[in-house]
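Visitor: The sequence shown begins at 1 in the working numbering and counts up one residue at a time. Note that CB positions come from ideal geometry on N, CA and C, so glycine has one too. Since the model is a prediction, treat every value here as computed from it, not as a measurement. Got a structure for you, questions after.
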Amino acid sequence: MKKLPGIDFLIFDLGNVIINIDMELTVRRLIRELPESKRKIGDDFYSYPIYADFETGKLDAGAFREKVRDIFQEDWSDGLIDEIWNELLLDIPLERIELLKALKQHYGIFMLSNTNPIHFGEVEKRLQHTSGDTGFDGFFDGLFLSHKMGLKKPDMKIYETVVQQLNTKPEKCLFFDDLEANILAAQKVGIQTHHVQHPKALVNYFQDVL
Numbered sequence: 001m002k003k004l005p006g007i008d009f010l011i012f013d014l015g016n017v018i019i020n021i022d023m024e025l026t027v028r029r030l031i032r033e034l035p036e037s038k039r040k041i042g043d044d045f046y047s048y049p050i051y052a053d054f055e056t057g058k059l060d061a062g063a064f065r066e067k068v069r070d071i072f073q074e075d076w077s078d079g080l081i082d083e084i085w086n087e088l089l090l091d092i093p094l095e096r097i098e099l100l101k102a103l104k105q106h107y108g109i110f111m112l113s114n115t116n117p118i119h120f121g122e123v124e125k126r127l128q129h130t131s132g133d134t135g136f137d138g139f140f141d142g143l144f145l146s147h148k149m150g151l152k153k154p155d156m157k158i159y160e161t162v163v164q165q166l167n168t169k170p171e172k173c174l175f176f177d178d179l180e181a182n183i184l185a186a187q188k189v190g191i192q193t194h195h196v197q198h199p200k201a202l203v204n205y206f207q208d209v210l
């Protein structure tokens, strides 16, 4: 494998870059679980402060579940809330994991994700089911997770923090994300980017350039 000129670090988003996700699936599951009179609240769930608060670590998993019960006025179990919340998570294609492991021989490999403890725990379970790996530590040199950093994309400060912690120049980093807003914010910091717009985009990128 040839090395990309001038690039020392590869930084990957999690959703729709490593694991396939569909945010709408959680909304649909919420609506199915709710009585008709409350379905509008479920439809608007991602606009509630609870969503950003959970992803930036202002709420832990227990507090998040309590807030969900309070918002919907439903006596749901922890297990049901987790199930609804994880509905958006799909599969992790093995070819992406194999690609990351190969790239780690030539670059510093890092994850930068807006996520939360419930999602991340389930993603690691799916990783083990797919590849046998018990966690991402085997092929990532570090994980930059929004709920641990207290920051989330596309806040420019999260990218500046990553570059600072890597002790490098932004142009030596190449960042992969599926959301245009996150890509544009990274570019403003000086990070090189690639917009992942379809399921084969990551694997195809490295087949094309290497």
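So if DSSP puts D177 in a beta bridge, which residue, or which two residues, is it bridged to?
Guide: As a first step, residue 177 is located in the sequence shown; it is residue number 177 there, counting from the start. DSSP output for D177 lists H195 as bridge partner(s).
Visitor: Within the continuous beta strand (DSSP E) that includes L112, where are the two ends?
Guide: Working through the sequence shown from its first residue, we reach residue 112 at position 112. That run of the beta strand (DSSP E) goes G108 to S113.
Visitor: Considering only C-alpha positions, which residue in the set H198, L88, L166 and I81 is nearest to Y107?
Guide: Sequence index remark: in the sequence shown, residue 107 carries index 107 (1-based). Here the closest residue by C-alpha is L166.
Visitor: Note down the Cα distance separating D60 from K2, rounded to an integer number of angstroms.
Guide: In the sequence shown, residue 60 corresponds to position 60, counting from 1. In the sequence shown, residue 2 corresponds to position 2, counting from 1. Each residue's Cα considered, the two are about 42 Å apart.
Visitor: Taking the alpha carbon of L184 as the point to measure from, which residue in L202, I7, N16 and P154 has its own alpha carbon closest?
Guide: Here the question's residue 184 lines up with position 184 in the sequence shown. Per the Cα distances, P154.
Visitor: Which of helix, strand or coil does DSSP assign to I11?
Guide: The count along the sequence shown starts at 1 and reaches residue 11 at position 11. Strand at I11.
Visitor: Please give me, in chain order, every unbroken run of the alpha helix (DSSP H) with length at least 4 that falls completely inside the region 62-145.
Guide: 78-85, 94-103 and 117-131
Visitor: Whose CA, out of D43, Q207, L88 and D177, lies closest to the CA of V123?
Guide: Against the sequence shown, residue 123 aligns to sequence position 123. Closest by alpha carbon: L88.
Visitor: What do you reckon, are the CB atoms on M111 and F64 nearer than 7 Å?
Guide: Along the sequence shown, one-based indexing puts residue 111 at 111. Along the sequence shown, one-based indexing puts residue 64 at 64. No, these two residues do not count as a Cβ contact at 7 Å.
Visitor: Check whether the region 88-98 touches the region 47-57, counting contact only when three or more Cβ pairs, one atom from each stretch, lie closer than 8 Å.
Guide: Below 8 Å, too few C-beta pairs join the region 88-98 and the region 47-57 to call them touching: fewer than three.
Visitor: Along the chain, where does the alpha helix (DSSP H) that runs through Y159 open and close?
Guide: One-based indexing of the sequence shown puts residue 159 at position 159. Counting along the chain, the alpha helix (DSSP H) containing Y159 begins and ends at M156 to L166.
Visitor: From M149 to G57, what does the alpha carbon distance come to, in whole angstroms?
Guide: Walking along the sequence shown from the start, residue 149 turns up at place 149. Walking along the sequence shown from the start, residue 57 turns up at place 57. About 8 Å.
Visitor: Quick one: what's I19 bridged to in DSSP?
Guide: As a working mapping, residue 19 is identified with position 19 in the sequence shown. Beta-bridge pairing links I19 to G15.
Visitor: I need the boundaries of the alpha helix (DSSP H) containing L202, first residue and last residue.
Guide: Along the sequence shown, read from residue 1 onward, the residue named residue 202 stands at position 202. A201 to V209 is the extent of the alpha helix (DSSP H) around L202.
Visitor: Would you kindly report the start and end of the unbroken alpha helix (DSSP H) that includes G42?
Guide: Taking the sequence shown and counting its residues from 1, the one referred to as residue 42 is at position 42. Start and end: R39 to D43.
Visitor: Using 8 Å as the threshold, is the region 172-191 in touch with the region 70-89, meaning 3 or more CB pairs across them?
Guide: no
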